[in-house]
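For reference, the structure is listed below as structure tokens.
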Amino acid sequence: MNKIKITLSVIMIIIIITVSLILVENRDFTFLNILKQYPEEGLYFCKWNSYHHYNYDEKPFLQLSYFRFHSMPGIEENIKEYILKSDKGDIIATYKGNTIGVQRDLYTGNTLILQLPILKPNQYIIDRLELVDINGKSKIYDIGNWNIQIESIEMVEDLIIGRSTLYSYDFDTYRVELTNNTNHIINIKDLNFELYNSVHEVAIISSDDFLDNNNLSTDCSLNPMQTKTFQFTIKLKEPDEFTFISLRPVLTYSVDDIDKKLLIPTSIISNPPNSDEQVIEYINNFINSRGGM
């Protein structure tokens, strides 16, 4: 129960960071130009490329960034049902909050927080969200690609997690500080995740200091009670101009030649549109390429 509470707290912190970084600061793009190109009234969801690994007794969370244009009613007062569309069927989600990150004359930037029920161990690919309003009308939105992996993982305390990468602009590295809490040598082996358009080539280097980028080592072992930071180098095949990635990977390690798994904290990798012009360009590109939102 305490671990679930910790996970929820971390996710809430990440959401606040994400929303604050969606703020649009550049207002050189004039109001007149925006009027000529703005999308129609409605909700426009950002396309996330995400992987979340959960234990069988955890309730998954999704944080969905979106833009609300014009006088479109807000989600919190107008929507009564949230249905996530997955390759395993519909998943009824629970509304857990809606945070406004930016307010402009024509739109607001928001983050919708949804909690999923406990799911059976399996892989769930979620790509759409159906919103049902208070009048019974529904609309389906493209939300990108959410890969939710549910697995029964033995919760042991071989490793104690310290600091980790909570936010990054670029999808290139993930860092986590680990302490060996056993009387045996532990070998760190891999960082496991499945993202669309990713190259799963993980290179591991270590350091005695979480903030040290100069004295790195290829030694991936941890002696009893030793603390090290492990940096995993990862990449996408074709990085998008605007990035929305939420990554909760699982770490593979070995103790006495026995492989084990450890769930590590979620990291947000986000390089969102940072001006009115880019927001409109981002939305219009998806309308044109996918035939609507």
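For the sequence shown, the numbering used here begins at 12 and goes up steadily by one.
Note that beta-carbon positions come from the ideal geometry of N, C-alpha and C, so glycine has one too.
Proximity to residue i [Cα-Cα], best of the options
{"i": "Phe-204", "options": "Asn-89, Asp-268, Gln-134", "result": "Gln-134"}
{"i": "Gly-108", "options": "Leu-117, Ile-86, Val-143, Asp-101", "result": "Ile-86"}
{"i": "Cys-57", "options": "Tyr-77, Glu-51, Asp-68", "result": "Tyr-77"}
{"i": "Pro-50", "options": "Tyr-118, Asp-101, His-63, Ile-102", "result": "Tyr-118"}
{"i": "Glu-168", "options": "Met-236, Asp-98, Asn-60", "result": "Met-236"}
{"i": "Val-113", "options": "Lys-271, Ser-286, Ile-102, Trp-59", "result": "Ser-286"}
{"i": "Ile-215", "options": "Asn-191, Thr-193, Tyr-264, Val-290", "result": "Tyr-264"}
{"i": "Glu-92", "options": "Leu-140, Gly-120, Phe-243, Thr-122", "result": "Leu-140"}
{"i": "Asn-66", "options": "Gly-173, Gln-160, Ile-172, Lys-99", "result": "Gln-160"}
{"i": "Asn-226", "options": "Val-213, Asn-234, Gln-242", "result": "Gln-242"}
Those residues which DSSP pairs with residue i across a bridge
{"i": "Val-4", "result": "Nothing can be reported for residue 4, as the shown portion of the chain is limited to 12 through 304."}
{"i": "His-195", "result": "The partner list for His-195 (beta bridge, DSSP) is empty, contrary to what the question assumes."}
{"i": "Tyr-207", "result": "None, per the DSSP bridge assignment."}
{"i": "Glu-188", "result": "Thr-240"}
{"i": "Ser-163", "result": "None, per the DSSP bridge assignment."}
{"i": "Thr-229", "result": "None, per the DSSP bridge assignment."}
{"i": "Phe-255", "result": "Ser-281"}
{"i": "Asp-201", "result": "Thr-263"}
Extent of the continuous beta strand (DSSP E) to which residue i belongs
{"i": "His-63", "result": "59 to 66"}
{"i": "Lys-107", "result": "100 to 114"}
{"i": "Gly-120", "result": "118 to 126"}
{"i": "Thr-263", "result": "261 to 266"}
{"i": "Gly-173", "result": "170 to 175"}
{"i": "Tyr-180", "result": "Where Tyr-180 is concerned, there is no enclosing beta strand (DSSP E), given that its DSSP letter is neither H nor E."}
{"i": "Gly-53", "result": "53 to 56"}
{"i": "Phe-80", "result": "72 to 80"}
Presumed contact (8 angstroms Cβ cut-off) between residue i and residue j, rounded CB distance
{"i": "Leu-202", "j": "Ile-256", "result": "Actually they are not in contact, since the Cβ atoms of Leu-202 and Ile-256 sit about 14 angstroms apart, beyond 8 angstroms."}
{"i": "Pro-276", "j": "Ser-175", "result": "5 angstroms"}
{"i": "Ser-232", "j": "Asn-198", "result": "5 angstroms"}
{"i": "Leu-125", "j": "Leu-73", "result": "5 angstroms"}
Can you give, in chain order, each stretch of the beta strand (DSSP E) that sits fully within the segment 268 to 298 and has at least 3 residues? 269 to 274, 278 to 282
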